[in-house]
Amino acid sequence: MVSEGNSNSKWKEILLSPKDNIVAVLTFISILLVIGPFIPGVSWFSLGDFSLDMVNFYHTIMIPFVFLLILYASELLGLGAQERKAVNLSTYPVLFLTVLGTVFFYPASTQTADYVLQALRDVWMLVLALMFLVYLLGLPLRDRQRFKNIWGAYTLIVITTISAGIAAVMGMIYEYGNLFGYASLPAFNNDVTAWGGLQTFLGNLITSHSHQMLPAVMGGIIGLATVSFGYEKLSSVKRNFVNAGLVIAVIGTISMSYLYFISSFGTYVIPAIFTSGTGGMNGLALDDSQTGIVGIGALVTIIGLYYLLSGNRADRLVQISEMLTWIATMAVMIGVGYAMEFNETYYGFGSPGVPPNGGPGYQYDMAFTDGHLLFAFFLMPLVAGILLLIMHYIKEFNTEKRMITYFIIAGTIIGGFGVLEYVLTLSWIVEAIGLALLIIAIIITTYTFGKSATEKYWVKGKQHTN
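Numbering-wise (my numbering), the sequence shown opens with residue 1 and increments by one.
Here it is, written out as structure tokens:
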């Protein structure tokens, strides 16, 4: 009976342990990254937008990753005990539903089960996000001094949480409409008709969902990173630099969220700005300019965060790697993406031909679409979020941390240049090498977290025996 009680107590501790749950999610993500190329229909390097199979694979990894961010943010900000308990206990149900949804995605006979399971998982995630937001909004009342110290980061985390929640709801509305239409919702169906009809609305909705979600998540990571760095310890002048960057990111998040909302639930067509060329084809899409502002805010925060670099070499490398992911993402999105938008007569549908042939450089545009989705919208957010976990939870294992950061720094630099190589030559080999190095870093991180958790229970067991 005593042994059974100890066993139950141990399992309860594991289920409620953030570190153990992080190990579970990281293990899940690592396994998916390794077996991804062998999953039917999953092709990492294919010109153009992700296929349906690739979209499913992407969500299979990124939804647990978003869950991981909620778990980490809840612990980092010290939200209510009940909220943290609910999040920790949701780890295995979310992973289990995700696995089943992926398995049932492929056979035609189980597609209905796939819809139900993934919808259940998505609703569960939405409830957790709402609970997180409620407790987050209560933080200034519970700890006024903490709020005053981190008000810039706090504001960005709140705004990006709301933005990501809106994007998630957009995705759920899209799935419902794509499967069933809106005839059973007459009032809403009338609005959809007024907005251009079902297919137009669904197209606008899925574009807004995909374009809004990742900038919102990245903005949230920026807010969490500044708190993880401990920016409240800076002098007022340096802290103001960080807060200025955070406010810039808040403005970018609000403006891009508003643009995507009115372009989905309405007839607003997002224009291009600074246009030139035949028919004004060259120019920067207004929404891209606003999502770019979020990244610009991140770069401004680096001015202040630089002064918080640790004296410990391993920890300093972790912090530098975190900031490098922001710089690399902006280099790809602005350095390459904006340049292409200002030359759409070559890269777009200017001349000659019509879609899917497009202009003479259309294939290079498709290479950027695939390359930047894999690098800037997939591996960079994953790595940026995982580095925060290392920063907060792994206080030892300096050798492993240095190894992880070497792979991340090399993978980020090679992968970033690989996107440019992909765009210029249609060869994805260099980017693939960079992404492989980043995946190796994630696997080593998973091993290190597992090693740390195992050591914790070994020490406790030894103490109990003694």
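For glycine and all other residues, C-beta sits at the position ideal for the given N, C-alpha and C.
- With respect to the 8 angstroms criterion, Phe368 and Gly283 are not classified as neighbours on the basis of their beta carbons.
- The Cβ neighbour count for Phe132, taken over all protein chains shown within 10 Å, is at least 16; the residue is labelled buried.
- In terms of Cβ geometry, Leu224 and Ile166 do not form a close pair [threshold 8 angstroms].
- Annotated three-state conformation of Leu284 is strand, per DSSP.
- Taking a cut-off of 8 angstroms for Cβ pairs, the region 362-378 and the region 412-432 touch, as three or more such pairs fall below it.
- Counting along the chain, the unbroken beta strand (DSSP E) around Phe274 starts and ends at Ala272 to Ser276.
- The residue from Lys451, Ile443, Gly450 and Thr448 with its alpha-carbon nearest to that of Ser30 is Ile443.
- For Pro107 and Asp53, the gap between their C-alpha atoms comes out near 13 angstroms.
- By the C-beta density criterion, Ala194 is exposed, having fewer than 16 other C-beta atoms within 10 angstroms.
- For Met403, the enclosing alpha helix (DSSP H) starts and ends at Asn398 to Thr425.
- Spatial neighbours of Ile334 in its own chain (CB-CB distance under 8 angstroms, excluding positions within 5 residues in sequence) are listed in chain order as Gly292 and Gly295.
- Unbroken beta strand (DSSP E) stretches of 3 residues or longer found wholly inside the region 95-171: none.
- For Gly277, the closest of Ile248, Tyr346, Phe407 and Ile409 by C-alpha to C-alpha distance is Tyr346.
- Out of Thr301, Ile206, Gln290 and Phe397, the CA that lies nearest to the CA of Phe50 is found in Ile206.
- Around the beta carbon of Gln199, fewer than 16 other beta carbons lie within 10 angstroms, which makes this residue exposed.
- Relative to Gly171, the option among Leu246, Ile63 and Arg142 whose CA is nearest is Ile63.
- Nearest neighbour of Leu214 by Cα position, chosen from Ile150, Pro381, Val94 and Val247, turns out to be Pro381.
- Under the three-pair Cβ rule at 8 angstroms, the region 226-237 does not count as touching the region 259-274.
- Pairing Ile262 with Arg142, the inter-Cα distance amounts to about 35 angstroms.
- Taking the C-beta atoms as reference points, Ile150 is found no nearer than 8 angstroms to Val94.
- Note that the region 250-259 does not touch the region 317-337; fewer than 3 beta-carbon pairs, one per stretch, sit closer than 8 angstroms.
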